[in-house]
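Asks: Here you go, one structure.
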Amino acid sequence: MDFSSYEFDPAIHDEMFVAEGEPRDHCSAVYEALKGLPDEDLNTIQERVTRSFSQEGITFTVYGDEEAEERIIPIDCVPRLLALAEWRELEAGLVQRIRTLNLFLADVYGDCRVVRDGVIPADVILGCPQYRLAMRGVGVPNDVWVTICGTDIVRTHEGFMVLEDNLRVPSGVSYMIANRKAVKAGLRLLYRRSRVQDVEQYGSLLRQTLCELSPGGRPDPCLVLLTPGTWNSAFYEHMFLAHEIGAELVEGQDLLVNDGFVYMRTTAGLRRVDVIYRRVDDDFLDPLVFREDSLLGVPGLMNAFKRGNVALANAPGTGVADDKSVYAYVPDMVRYYLGEEPLLQNVETHLCRRPEDLEYTLDNLEHLVVKRVGESGGYGMLVGPHSTPEERDEYARTLRADPADFISQPTLALSRSPCLIDGHAEPRHVDLRPFVLTGNETRIVPGAFCRVALRKGSLVVNSSQGGGGKDLWVVDL
Amino acid sequence: MLSRSAQGVYWMARYLARAGYLSRLLELQVQFLVDRSVEEIHFGWKRIYRCMKRLPPPGEEFLPETDEFALADAFTLADDLTFERSNPDSVWSAVASGRENARQMRHCISGEMWTTLNAAWLRIRDLEAVDIWRTPEVFYARTRSEIHNFVGVADATMYRGVAWRFMRLGRAIERAQLAVSLLLAQIDLSRRTERRTLGWASMLRTHHALEAYGRVYGIDLKPDRVLDLLVADPSLPGSVLATVQAAATELQGLDGGPGVEADAAARRLAGRAEALILYDWPEASAPEELLEQVGQSTRDLHEAVLDAFVDYAIEDSPLR
């Protein structure tokens, strides 16, 4: 692999190099091995990796004007490396954060001490569309509100930072495993020598975690994965995970509630369901409680849930804790609930609901990233440095019309990692999404869905916006 | 097993059996274009359209029986039966539907089955009639072979659970219905021609039964013997008897469905179709009437299976 024209930039944290041509300690063996690989070998590996996704049908669905299209997330075969010690640091931060967010959710749907004690203003929570009144006073098994969390982490020279906590129906974990399988098959010897931590046990950990939620500790619980259906963009992942955890893949129409219990329709009659790993948004879960026009949900499901007869992972209402306004308060929450200093930093965030923050945002639009509070997936955002004056004017108008709907953050110099572009190594910006599982304890596989902005200079890593994937190797070297 | 999953696997098998059967019909038909008479070519098209219960595209009415016309309209007809997206039974549509059902039920089939089928789909997904027309028989033979391959991979790798039963049931019912439908078309069309043997040899080839016929009856081709072999020989995998017996066997392998009455009806219908051939066929004076009855039984069987295992009334179901 040709690194001769690799553009090392000292202003940006590089995942492989500390200085031009000088790899980090844990990267040096892989760097030397990659450098020694003939271009044609690497191109063949890249082609094989891409082809394997197509053959396996590892796709996500994109909605065009006319019809849905199955697409492949482009994957770069050069792994991103993380030293085990760095990973342990990150892991500790993730555990601390999820403990906090679970305590916050129990509080915010319970006594609301966090508001009464003046840590977070009441209107931030009550004004959040993801705050579910239906969950007030509801207890959840083991006080676990967020069973599965996919935290978006970026790195700069200042270290790891949390960009977003995805606490509703985070996706991407299937790509973590698919990328691993494909890249491992391509770089066989290098993989073996690098002592890479395994991620493929994710399915069994997820199953164990979900089983721990079984109502009343019912042994050998019946698990199902509730999908919105085959046209959902993450359907491949739903199918993959159902298989991994040995659950039936169900749609709302397959379930029904009878006398406060949930059943699924099987070829041998109705079978009681104990735990639902739902990949359907709150709004569509139960037409009797949330959106009444929902055809994806199950009438009476919330009643069964409140009576403790079925567990839902994640619990309804967790969206209030990954709201982009609430996000700004997470470091304060860590101090408030745990009496600890946060191990993972937030990205500096300006809440446009505050007049001074709005003013700052409007004055600095060309330097900031502005996001809608309720949007995800890279939709509805403005990346200031990559925008035109006209786009900024237009965006400013929308922003002024409803400031509470926006936050702004500085444009981060996201770290970069070498990618195979046109046959040689070029740096591209990356982030990572590790998956945090919480049942009786918190479990994290040492790996992540690593996203990469494949377009030169781009900072947007979302797969719906032209991003790709990379395998993340946590190496013990 | 989730009812909707069972239904998905069942339909996957039906669509793929349909795609395989139609590919075989077209494989032979395009071979006819090379050296057969216009009469025979037209006979073949009519039989396929009748079997698939479809009308040819407007303007293709098989009238001016000249060589040029036969060769020219073959392309349109083959396209209509192979790649026409709006024809739900075209080879392309049937593979697409089979593959889509497999995609949705991937957790119910083996990984090898999925990749085998997906590879076949990726090959034909972007093809059009012009792409195959230089050697169309190669395309049809390959498609048929890929479906055979899928069935073989399933046999070697799929867990013998409820999904397996539903898959086999779907395949058996589809094959029974197609075989009955093709035989009815052949009987009716051959009565309308002066050449009484027209089409019977290709009936054998369609069902891979040419060698079997020679072994049982020798080289003298007689329509009533061909009919006997294709309807009532239990050793020929594609015979009507073998396919309805396969359906009955798979049904016996399933525990009773929650729709109790429909379940009983399904088992009765499968037994009835088998009995009609075993006991009534040898003395049937009007074979087409008996075949109609068998065909109707398999259509009713399809409905009864879905009512018994999928669309049953909730009140009837035991809670587990």
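One line per chain: the protein sequences are S and X, in this order. Under our numbering, the first residue of the first sequence is numbered 889, with each subsequent residue one higher. Under our numbering, the first residue of the second sequence is numbered 212, with each subsequent residue one higher. Here a beta-carbon is modelled for each residue, glycine too, at the ideal position from N, C-alpha and C.
Quick check: LEU1308 (chain S) and LEU930 (chain S), are their CB atoms within less than 8 Å of each other?
Replies: On the first sequence, residue 1308 (chain S) is found 420 positions in, with the first residue counted as 1. On the first sequence, residue 930 (chain S) is found 42 positions in, with the first residue counted as 1. Going by C-beta atoms, LEU1308 (chain S) is nearer than 8 Å to LEU930 (chain S).
Asks: Here's a check: name, in chain order, each residue in its chain whose Cβ is nearer than 7 Å to the Cβ of LEU1256 (chain S), leaving out the five neighbours to either side.
Replies: What you label residue 1256 (chain S) is simply residue 368 of the first sequence in a count that begins at 1. Around LEU1256 (chain S): THR1249, GLY1272, SER1296, GLN1297, PRO1298 and THR1299.
Asks: What's the C-alpha gap between ILE946 (chain S) and THR326 (chain X)?
Replies: To locate residue 946 (chain S), count along the first sequence from 1; it is residue 58. To locate residue 326 (chain X), count along the second sequence from 1; it is residue 115. Rounded to whole angstroms, ILE946 (chain S) to THR326 (chain X) spans 11 Å at the Cα level.
Asks: So, is GLU1381 (chain S) buried or exposed, given that buried needs 16 or more other C-beta atoms within 10 angstroms?
Replies: Because chain S spans 889 through 1365 in this model, residue 1381 (chain S) falls outside it and cannot be assessed.
Asks: Is the CB of MET1190 (chain S) under 8 Å away from at least one CB in chain X?
Replies: Along the first sequence, one-based indexing puts residue 1190 (chain S) at 302. No, no contact with chain X.
Asks: Helix or strand or just coil, what does DSSP make of ASP1310 (chain S)?
Replies: Your numbering for residue 1310 (chain S) matches position 422 in the first sequence. Coil, per DSSP.
Asks: With a cut-off of 8 Å, does the C-beta of ALA1122 (chain S) fall near any C-beta of chain C?
Replies: Of the chains in the structure shown, none is chain C; the protein chains are S and X.
Asks: Please state the DSSP three-state secondary structure of LEU1200 (chain S).
Replies: By one-based count along the first sequence, residue 1200 (chain S) stands at place 312. In this structure, LEU1200 (chain S) counts as strand in the three-state DSSP scheme.
Asks: Given that a residue counts as buried once 16 or more other Cβ atoms are within 10 Å of its Cβ, and exposed if not, what is THR293 (chain X)?
Replies: The residue you call residue 293 (chain X) lines up with position 82 of the second sequence. THR293 (chain X) should be labelled buried.
Asks: Which residues in the same chain as ARG1020 (chain S) place their Cβ atom closer than 7 Å to its Cβ, once the five residues preceding and following it in sequence are excluded?
Replies: As a first step, residue 1020 (chain S) must be located in the first sequence, where it is residue number 132. Excluding residues within five positions, the ones whose Cβ falls inside 7 Å are ASP1170, PRO1204 and GLY1205.
Asks: For chain X, find out if any of its Cβ atoms is closer than 8 Å to the Cβ of GLU1136 (chain S); answer yes or no.
Replies: Residue numbering aside, residue 1136 (chain S) sits at position 248 when the first sequence is read from its first letter. Output row for GLU1136 (chain S): interface = yes.
Asks: Buried or exposed: SER304 (chain X), going by 16 or more other Cβ atoms within 10 Å of its Cβ?
Replies: Position 93 of the second sequence, counted from the start, is the residue given in the question as residue 304 (chain X). Label assigned to SER304 (chain X): buried.
Asks: What are the start and end residues of the alpha helix (DSSP H) that includes MET223 (chain X)?
Replies: Taking the first residue of the second sequence as position 1, residue 223 (chain X) is located at position 12. Segment 214 to 246, the alpha helix (DSSP H) holding MET223 (chain X).
Asks: Report yes if the CB atom of LEU1055 (chain S) is closer than 8 Å to the CB atom of VAL1042 (chain S), and no otherwise.
Replies: Within the first sequence, numbered from 1, the residue matching residue 1055 (chain S) stands at position 167. Within the first sequence, numbered from 1, the residue matching residue 1042 (chain S) stands at position 154. Not closer than 8 Å, so no.
Asks: Who pairs with GLY1357 (chain S) in a beta bridge, going by DSSP?
Replies: Sequence index remark: in the first sequence, residue 1357 (chain S) carries index 469 (1-based). S:ILE963 and S:ARG1339, per the DSSP bridge assignment.
Asks: Classify VAL918 (chain S) as buried or exposed, calling it buried when 16 or more other Cβ atoms lie within 10 Å of its own Cβ.
Replies: For the purposes of this step, residue 918 (chain S) is taken as residue 30 along the first sequence, with counting starting at 1. Buried, since its Cβ has 16 or more Cβ neighbours within 10 Å.
Asks: Looking only at its chain, what residues have a beta carbon closer than 7 Å to the beta carbon of LEU380 (chain X), apart from the 5 residues adjacent to it on each side?
Replies: As a working note, residue 380 (chain X) is residue 169 in the second sequence. Result list for LEU380 (chain X): TYR221, ALA458, GLU461, LEU462 and VAL516, in chain order.
Asks: Strictly below 9 Å CB to CB, what residues from chain X border GLY1157 (chain S)?
Replies: For the purposes of this step, residue 1157 (chain S) is taken as residue 269 along the first sequence, with counting starting at 1. Result: GLY468, PRO469, TYR523, ASP527, SER528, PRO529, LEU530 and ARG531.
Asks: Starting from ASP1040 (chain S), follow its DSSP beta bridges and name the residues at the other end.
Replies: In the first sequence, counting from the first residue as 1, residue 1040 (chain S) sits at position 152. Answer is S:GLU1052.
Asks: Check each residue of the region 361 to 388 of chain X: if its Cβ is closer than 7 Å to any Cβ of chain S, include it; give the result in chain order.
Replies: From the region 361 to 388 of chain X, only VAL373 have a Cβ closer than 7 Å to chain S.
Asks: In whole angstroms, what separates the C-alpha of LEU1200 (chain S) from that of SER1062 (chain S)?
Replies: For this step, residue 1200 (chain S) is matched to residue 312 along the first sequence. For this step, residue 1062 (chain S) is matched to residue 174 along the first sequence. Straight-line Cα distance between these residues: approximately 20 Å.
Asks: So ARG1321 (chain S) and THR1035 (chain S) are in contact, right, with Cβ under 8 Å, and what is the actual spacing, rounded?
Replies: Here residue 1321 (chain S) corresponds to residue number 433 of the first sequence, with the count starting at 1. Here residue 1035 (chain S) corresponds to residue number 147 of the first sequence, with the count starting at 1. Incorrect: roughly 16 Å between the Cβ atoms, too far for contact.
Asks: What residue does the beta strand (DSSP E) around GLY1157 (chain S) start on, and which one ends it?
Replies: As a working mapping, residue 1157 (chain S) is identified with position 269 in the first sequence. 1157 to 1160 is the span of the beta strand (DSSP E), which, as asked, contains GLY1157 (chain S).
Asks: Is the beta carbon of THR368 (chain X) closer than 8 Å to that of GLU323 (chain X)?
Replies: Numbered from 1 along the second sequence, position 112 holds the residue referred to as residue 323 (chain X). Numbered from 1 along the second sequence, position 157 holds the residue referred to as residue 368 (chain X). Yes, the pair counts as a contact, with Cβ atoms nearer than the cut-off.
Asks: Which term fits SER1303 (chain S), buried or exposed, when burial requires 16 or more other beta carbons within 10 angstroms of its beta carbon?
Replies: As a working note, residue 1303 (chain S) is residue 415 in the first sequence. Buried: at least 16 other Cβ atoms inside 10 Å.
Asks: Leaving out five residues on either side along the sequence, give the residues of the same chain with a beta carbon under 7 Å from the beta carbon of GLU514 (chain X).
Replies: As a working mapping, residue 514 (chain X) is identified with position 303 in the second sequence. Same-chain partners within the cutoff: there are none.
Asks: When DSSP builds the beta bridges, which residues end up paired with HIS419 (chain X)?
Replies: Position 208 of the second sequence, counted from the first residue, corresponds to residue 419 (chain X). For HIS419 (chain X), which the question treats as bridged, DSSP gives no partner whatsoever.
Asks: Under a three-way DSSP split, which group does PRO1298 (chain S) fall into?
Replies: As a position in the first sequence, residue 1298 (chain S) is number 410, starting the count at 1. Here PRO1298 (chain S) sits in strand by DSSP.
Asks: When you compare each of X:GLY429, X:LEU421 and X:GLN218 to GLU311 (chain X) by their alpha carbons, which one comes out closest?
Replies: For this step, residue 311 (chain X) is matched to residue 100 along the second sequence. With distances taken between Cα atoms, GLU311 (chain X) lies closest to X:GLN218.
Asks: Are there 16 or more other CB atoms within 10 angstroms of the CB of ARG1316 (chain S), so buried, or fewer, so exposed?
Replies: Taking the first sequence and counting its residues from 1, the one referred to as residue 1316 (chain S) is at position 428. Flag for ARG1316 (chain S) reads buried.
Asks: Where does the unbroken alpha helix (DSSP H) through ILE207 (chain X) begin, and where does it stop?
Replies: Residue 207 (chain X) cannot be examined here, being either before or after the span of chain X that is shown, 212 to 531.
Asks: As a quick exercise: from S:LEU1232, S:SER1213 and S:SER1305, pick the residue whose alpha carbon is nearest that of VAL1260 (chain S).
Replies: Here residue 1260 (chain S) is taken as the residue at index 372 of the first sequence, counted from 1. Per the sequence shown, the amino acid found at residue 1260 (chain S) is Arg instead of Val. The option with the nearest alpha carbon to ARG1260 (chain S) is S:SER1213.
Asks: Quick test of your reading: GLN984 (chain S) and VAL1222 (chain S), contact by CB under 8 Å. State the CB separation rounded to the nearest angstrom.
Replies: The count along the first sequence starts at 1 and reaches residue 984 (chain S) at position 96. The count along the first sequence starts at 1 and reaches residue 1222 (chain S) at position 334. GLN984 (chain S) to VAL1222 (chain S), Cβ: 6 Å. Contact.
Asks: Based on the DSSP output, what are the partners of TYR1151 (chain S) in its beta bridges?
Replies: Start at 1 with the first residue of the first sequence, and residue 1151 (chain S) comes out as number 263. DSSP output for TYR1151 (chain S) lists S:LEU1144 and S:ARG1160 as bridge partner(s).
Asks: Per DSSP, PRO911 (chain S) is paired with what?
Replies: By 1-based counting over the first sequence, the position of residue 911 (chain S) is 23. DSSP lists S:PHE905 as partners of PRO911 (chain S).
Asks: State the Cα-Cα distance for the pair ALA546 (chain X) and VAL451 (chain X), rounded to the nearest angstrom.
Replies: Because chain X spans 212 through 531 in this model, residue 546 (chain X) falls outside it and cannot be assessed.
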